[in-house]
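Asks: Here it is, the structure, as structure tokens.
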Amino acid sequence: MLNIIAICLLVSASICLVLVISITMYILHVIKHRSTNVGFAINIAQNILKRRLLVPLIILLRVHLPFPIMLIVTILRRKLTKKSSPQTKIEKEQEKEKKQNIENLN
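Using the numbering used here, you'd call the opening residue of the sequence shown number 9 and step up by one each time.
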């Protein structure tokens with residue numbers, strides 16, 4: 009189940025990344041081919057982004073991007089706790105042995 013959720017989230021994050029890259033490439037295309045005046049081309053690209061593409065992109069990023077980030081954070085937390093748990097067990101055993109040695113000496 010977790011694998012299916014992870015795959016869906018990674019697909020949605022990759023779609024968002026493709027949108028960002030395509031918008032950037034479109035802006036570069038507008039700047040390069042449409043006009044010799046770079047400022048005019050930048051204004052056109054900004055207007056296009058503001059009106060048509062920026063709002064859906066923000067919605068997509070806001071909806072889809074936190075899930076893969078949280079998934080990665082939870083996976084890292086699980087791995088870190090799994091790695092640290094044997095160390096804590098060993099430390100607890102060593103503390104018990106020290107207490108037993110102290111009690112035996114007394």
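Backbone N, C-alpha and C define an ideal beta-carbon position, used for all residues, glycine too.
Please classify LEU25 as buried or exposed, where buried requires at least 16 other C-beta atoms within 10 Å of its C-beta.
Replies: With fewer than 16 other Cβ atoms within 10 Å, it is exposed.
Asks: In or out: LEU17 buried (at least 16 other Cβ within 10 Å) or exposed?
Replies: It counts as buried.
Asks: Using a Cβ-Cβ cutoff of less than 7 Å, which residues in the same chain neighbour LEU84 once the five nearest sequence positions on both sides are dropped?
Replies: Contacts found: none.
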